[in-house]
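Engineer: Following this message is one structure expressed as C-alpha cells.
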Amino acid sequence: METLEEAESHINPAYLSENQPPATDWFSTILAIDAILTHKLYKDKYKAVHRYVDAVWKKYCNRVTFHRLGKAGKVIRKLEEAGIARDELPGTIALCHEILHIKDRRKDMSLAEIWGVILKRFHHRDSVIANKVSELFPEAPPAPAAVTTRPEKRQMPAAAEPPPDRQLRSRQRVSYAGNDSDEETELEPEPEVQIRKQLSPFRSGDRRKQIEWNTPQELADFIHEFAEKAFGGLSLDPCGNPESCIKSDHRYGRLGNDNNEFIDALTLPRWGVPGPEDDPNDASTWSQTADLVYVNPPYKSVDLEDPNRQYGDLFMERVLSEMEKGHIRAALYLIPLHVLYRDSVYQMFTISLCCVLKARLQFELSDHDRALSGRVPKQMRSAGTYAMVYLEGPNRTKEDEFVTVFGKAGLIAGYNIPVYNGTLKPMEEVEEEDG
Numbered sequence: 001m002e003t004l005e006e007a008e009s010h011i012n013p014a015y016l017s018e019n020q021p022p023a024t025d026w027f028s029t030i031l032a033i034d035a036i037l038t039h040k041l042y043k044d045k046y047k048a049v050h051r052y053v054d055a056v057w058k059k060y061c062n063r064v065t066f067h068r069l070g071k072a073g074k075v076i077r078k079l080e081e082a083g084i085a086r087d088e089l090p091g092t093i094a095l096c097h098e099i100l101h102i103k104d105r106r107k108d109m110s111l112a113e114i115w116g117v118i119l120k121r122f123h124h125r126d127s128v129i130a131n132k133v134s135e136l137f138p139e140a141p142p143a144p145a146a147v148t149t150r151p152e153k154r155q156m157p158a159a160a161e162p163p164p165d166r167q168l169r170s171r172q173r174v175s176y177a178g179n180d181s182d183e184e185t186e187l188e189p190e191p192e193v194q195i196r197k198q199l200s201p202f203r204s205g206d207r208r209k210q211i212e213w214n215t216p217q218e219l220a221d222f223i224h225e226f227a228e229k230a231f232g233g234l235s236l237d238p239c240g241n242p243e244s245c246i247k248s249d250h251r252y253g254r255l256g257n258d259n260n261e262f263i264d265a266l267t268l269p270r271w272g273v274p275g276p277e278d279d280p281n282d283a284s285t286w287s288q289t290a291d292l293v294y295v296n297p298p299y300k301s302v303d304l305e306d307p308n309r310q311y312g313d314l315f316m317e318r319v320l321s322e323m324e325k326g327h328i329r330a331a332l333y334l335i336p337l338h339v340l341y342r343d344s345v346y347q348m349f350t351i352s353l354c355c356v357l358k359a360r361l362q363f364e365l366s367d368h369d370r371a372l373s374g375r376v377p378k379q380m381r382s383a384g385t386y387a388m389v390y391l392e393g394p395n396r397t398k399e400d401e402f403v404t405v406f407g408k409a410g411l412i413a414g415y416n417i418p419v420y421n422g423t424l425k426p427m428e429e430v431e432e433e434d435g
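Right, dumping it as C-alpha cells:
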C-alpha cells in the first residue's frame, strides 16, 4: 500500500474540479483521491478527513468536491479491475456518480455490467449523456418472498355460554332525581356522537389550502392614495377576488359571480383593460394598456381544478414580460423579502424602487379560503418582512408620488434612509486597471 505522500504525488491540482476532460492526469488524480479516502491515508498526519482537505487542498477545491472526486475514482478503479480499458472508461464526474446511483437501485448488477449497458446504447463514452442513462435501467424485479412453514395453532375449545342469571347487564344511564321509591328509573341510551378532530390551521396539511391572503386594509389605503395621485386610480388587479379591499377598475382572478367564474391571469394572451371595441365580459379581448397594476400574487392557485399549482415565480416573470411589451405602464408588486434569492425577484429589485414595509402585515383571509382550509382565524400574520416594489417604464414620471406616499409606510433608500455615496469603482474598471 502506498503512503500519503506517494498518493499525493499523483494528484494534479488543475484537475480538482468537476468539469475536466478525461486525460491521463484526470484518471490518476481521482484514483489517488480514492486511495487516500478508502485506505484513510490522511490519518498519518490528520485525525479527520475534513481537517486534511482544509489544510492541503482548500485553495483548489472544497470538501464536497474532494469527496465527489474520490467516489468517481472508486468507480474507475472497479471498472479497471473488471478489465475495461482506460479509453473506454467514463469520462466525467457526473457520469460516475450516475453509475453509483443506478447501482444503488440495481443490486443485481455490477458496475461493469451497468457500464456495459450504457456503452452499448451510446456506442462511445463521449456520446453518453449522464442525465439520460438512468432511463436504461428499470427497477429490478422484487425478490421472491421466502416461504416459511409454521406449526398449526391448537384450536382452543369455545367457552360455554354463562347461564342467563350470570350474564352481565348492558350499562344503562340511571336517574335518581325526583324519585322517592327504591326502584331505579332506566333512561333511553344516548345516541352515539361522532366527534371530529379539529386540526390546527398551522399544520401543513391544512395550511397548503390557504390560498387567498388579501391585502391588509392599512396597506390598501397607501395603494389607493398613490394610485389616485399618480394615475387617477388603479387600473387592474390580476389577483383579485370579491372579498379583497383593493378597489380597481378591472380584475382577474375569482369574480364571485353565480358561476364562480375564475380568470387565470397567467393563461391570458395579454394583460390590459377593455378598449372601446373589446368585450367587457371577455378578458381575453382586452387590448388597451393598463396604467397601473397592483399584484399580490397567490402562492397557490385559487383554480379549484388545479389547487396545487405554484404561482409566485410565474407572476413575477409575467409582470416583467407585460411591461417590456408595453401592455402595462406601471406596477406595484407586494413581495416577501425571503424570496430575494430567486432570479426573477432579483431582476425585479434591480430595476425598481423598493419600500421595505416597517410593520409585519396582518393578511385578511377570504371566506372562500377559510371554507377550504377549515377552522382558521379571519386574519393571518405574515411570518416575515414584505416590500412594496414599484416598476415603471423608461420615463419614470411617477417616482416622486411613490416615495411621498410609501415613505410613510416603510424605508426607501435615498429618502428616509441613506444610500452609499462612496468612491468604490465598478468592477469593470478595476479589472481593466489590473489587466
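Counting in UniProt numbering, the sequence shown runs from 1 upward without gaps.
For every residue, glycine included, the Cβ atom is placed at its ideal position computed from N, Cα and C.
For clarity, every value in this text was computed on a predicted model and none was experimentally measured.
Taking only the alpha-carbon atoms, compute the straight-line gap between L361 and H101 and give it to the nearest angstrom.
Structural biologist: Along the sequence shown, one-based indexing puts residue 361 at 361. Along the sequence shown, one-based indexing puts residue 101 at 101. Their Cα atoms are separated by approximately 45 Å.
Engineer: Can you tell me which of the three DSSP states V356 falls into?
Structural biologist: What you label residue 356 is simply residue 356 of the sequence shown in a count that begins at 1. V356: strand per DSSP, three-state reduction.
Engineer: Give every residue of the same chain whose Cβ lies closer than 7 Å to the Cβ of G407, excluding the five residues on either side of it in the sequence, and list them in chain order.
Structural biologist: Taking the sequence shown and counting its residues from 1, the one referred to as residue 407 is at position 407. Here the set comprises Y415 and N416.
Engineer: Excluding the 5 residues flanking I335 on each side, which residues of the same chain have their C-beta closer than 7 Å to its C-beta?
Structural biologist: For this step, residue 335 is matched to residue 335 along the sequence shown. Result list for I335: V345, Y386, A387 and V389, in chain order.
Engineer: CB L357 to CB F349, shorter than 8 Å?
Structural biologist: Mapped onto the sequence shown, residue 357 falls at position 357. Mapped onto the sequence shown, residue 349 falls at position 349. Against a cut-off of 8 Å, the Cβ pair of F349 and L357 comes out as no contact.
Engineer: Report yes if the C-beta distance between K247 and L234 is below 8 Å; otherwise report no.
Structural biologist: On the sequence shown, position 247 is the one that residue 247 refers to. On the sequence shown, position 234 is the one that residue 234 refers to. Contact: yes.
Engineer: From the DSSP output, in three-state form, read off M388 for me.
Structural biologist: For the purposes of this step, residue 388 is identified with residue 388 of the sequence shown, where counting begins at 1. Note: M388 maps to strand in three-state DSSP.
Engineer: If you drop the 5 nearest sequence neighbours on each side, which residues of the same chain put their C-beta closer than 8 Å to that of T3?
Structural biologist: Sequence index remark: in the sequence shown, residue 3 carries index 3 (1-based). So the list reads L41 and D44, once near-sequence residues are dropped.
Engineer: Any idea what DSSP makes of P269, helix, strand or coil?
Structural biologist: Within the sequence shown, numbered from 1, the residue matching residue 269 stands at position 269. Coil at P269, not helix or strand.
Engineer: Are there 16 or more other CB atoms within 10 angstroms of the CB of I129, so buried, or fewer, so exposed?
Structural biologist: Position 129 of the sequence shown, counting from 1, holds the residue named residue 129. Exposed, because fewer than 16 other Cβ atoms sit within 10 Å of the Cβ of I129.
Engineer: Cα-Cα, which of F363, K107, N257 and I33 is closest to L16?
Structural biologist: Stepping through the sequence shown from its first residue, residue 16 is reached at position 16. Of the candidates F363, K107, N257 and I33, the one whose C-alpha sits nearest the C-alpha of L16 is I33.
Engineer: Considering only C-alpha positions, which residue in the set H123, E139, I118 and H124 is nearest to K132?
Structural biologist: Within the sequence shown, residue 132 is the residue found at index 132, counting from 1. Nearest of H123, E139, I118 and H124 to K132, Cα basis: I118.
Engineer: Under the three-state reduction of DSSP, which class applies to N131: helix, strand or coil?
Structural biologist: Taking the sequence shown and counting its residues from 1, one reaches residue 131 at position 131. Three-state result, N131: helix.
Engineer: Hey, quick one: how far does the alpha helix (DSSP H) through H250 stretch, first residue to last?
Structural biologist: Position 250 of the sequence shown holds residue 250. No alpha helix (DSSP H) contains H250, which is instead part of the beta strand (DSSP E) from H250 to R254.
Engineer: List the endpoints of the continuous beta strand (DSSP E) containing D237.
Structural biologist: For the purposes of this step, residue 237 is taken as the residue at position 237 of the sequence shown. L236 to G240 is the extent of the beta strand (DSSP E) around D237.
Engineer: Let me know the secondary structure DSSP gives G410 once reduced to three states.
Structural biologist: If you number the sequence shown from 1, residue 410 lands on position 410. If DSSP states are grouped into helix, strand and coil, G410 belongs with the strands.
Engineer: Which one of K120, T65, R77 and L391 has the shortest CA to CA distance from S28?
Structural biologist: In the sequence shown, counting from the first residue as 1, residue 28 sits at position 28. The option with the nearest alpha carbon to S28 is R77.
Engineer: S287 and D279: beta carbons closer than 8 Å?
Structural biologist: Taking the first residue of the sequence shown as position 1, residue 287 is located at position 287. Taking the first residue of the sequence shown as position 1, residue 279 is located at position 279. Not in contact: S287 and D279 (Cβ atoms no closer than 8 Å).
Engineer: Is the CB-CB distance between P13 and Y60 below 8 Å?
Structural biologist: By one-based count along the sequence shown, residue 13 stands at place 13. By one-based count along the sequence shown, residue 60 stands at place 60. Cβ distance < 8 Å, so P13 and Y60 count as in contact.
Engineer: By alpha-carbon positions, which one of D25, I351 and H338 ends up nearest to G384?
Structural biologist: As a working note, residue 384 is residue 384 in the sequence shown. The shortest C-alpha separation from G384 is found at H338.
Engineer: Would you give the residue range spanned by the alpha helix (DSSP H) that residue 440 belongs to?
Structural biologist: One cannot answer for residue 440 here, as it falls past the ends of the chain, which runs 1 to 435.
Engineer: How long is the line joining the alpha carbons of V419 and L353, rounded to whole angstroms?
Structural biologist: Position 419 of the sequence shown, counted from the first residue, corresponds to residue 419. Position 353 of the sequence shown, counted from the first residue, corresponds to residue 353. So the two alpha carbons sit approximately 13 Å from each other.
Engineer: Taking a contact to mean a Cβ-Cβ separation below 8 Å, would you say L266 touches L314 in this structure?
Structural biologist: The sequence position of residue 266 within the sequence shown is 266, counting from 1. The sequence position of residue 314 within the sequence shown is 314, counting from 1. Yes. Within cutoff.
Engineer: With H, G and I counted as helix, E and B as strand and the rest as coil, what does DSSP make of I417?
Structural biologist: Within the sequence shown, numbered from 1, the residue matching residue 417 stands at position 417. Residue state, collapsed to three classes: strand.
Engineer: Please determine, among D264, V405 and D25, the residue with the shortest C-alpha to C-alpha distance to S9.
Structural biologist: For the purposes of this step, residue 9 is taken as residue 9 along the sequence shown, with counting starting at 1. It is D25 whose Cα lies nearest to the Cα of S9.
Engineer: Per DSSP, what are the beta-bridge partners of R381 in this structure?
Structural biologist: Your numbering for residue 381 matches position 381 in the sequence shown. Answer by DSSP bridge pairing, in chain order: Q362.
Engineer: Exposed or buried, what is A413 when buried is set at 16 or more other beta-carbons lying within 10 Å of its beta-carbon?
Structural biologist: Residue mapping note: residue 413 aligns to position 413 of the sequence shown, counting from 1. Exposed: under 16 other Cβ atoms inside 10 Å.
Engineer: Need the endpoints of the alpha helix (DSSP H) that A32 sits in, please.
Structural biologist: Locating residue 32 in the sequence shown gives position 32, counting from the first residue. Unbroken alpha helix (DSSP H) run through A32: T24 to T38.
Engineer: Return the CA-CA distance between G73 and T65, expressed in angstroms with no decimal places.
Structural biologist: If you number the sequence shown from 1, residue 73 lands on position 73. If you number the sequence shown from 1, residue 65 lands on position 65. Cα to Cα, the separation comes out at about 12 Å.
Engineer: Within 10 angstroms of the Cβ of S204, are there 16 or more other Cβ atoms? Answer buried if so, exposed if not.
Structural biologist: Taking the sequence shown and counting its residues from 1, the one referred to as residue 204 is at position 204. With a pLDDT of 34 at S204, under the threshold of 50, the predicted position of this residue should be treated as unreliable, though the coordinate-derived value follows. Exposed, since its Cβ has fewer than 16 Cβ neighbours within 10 Å.
Engineer: Using C-beta distances below 7 Å, list every residue in its chain close to A7, excluding the 5 sequence neighbours before and after it, in chain order.
Structural biologist: Sequence index remark: in the sequence shown, residue 7 carries index 7 (1-based). So the list reads A32, A35, I36 and L41, once near-sequence residues are dropped.
Engineer: Using the three-state DSSP reduction, which class does V430 fall into: helix, strand or coil?
Structural biologist: Mapped onto the sequence shown, residue 430 falls at position 430. Note that V430 has pLDDT 48, beneath the 50 cutoff, so the model's placement of it is unreliable and no number is given.
Engineer: Can you give me the C-alpha to C-alpha distance between residue 450 and N260, rounded to a whole angstrom?
Structural biologist: What is shown of the chain runs 1 to 435, which leaves residue 450 out entirely.
Engineer: Would you report the Cα separation of H393 and M323, rounded to the nearest angstrom?
Structural biologist: Along the sequence shown, one-based indexing puts residue 393 at 393. Along the sequence shown, one-based indexing puts residue 323 at 323. Reading off the sequence shown, one finds Gly at residue 393, where the question assumed His. Cα to Cα, the separation comes out at about 7 Å.
Engineer: Taking E98 as the reference, give the member of R270, K378, S134 and H224 with the closest Cα.
Structural biologist: Along the sequence shown, one-based indexing puts residue 98 at 98. The candidate whose alpha carbon is nearest that of E98 is S134.
Engineer: Are the CB atoms of L89 and R125 within a distance shorter than 8 Å?
Structural biologist: Numbered from its first residue, the sequence shown carries residue 125 at position 125. Numbered from its first residue, the sequence shown carries residue 89 at position 89. Yes, the Cβ-Cβ distance between R125 and L89 is below 8 Å.
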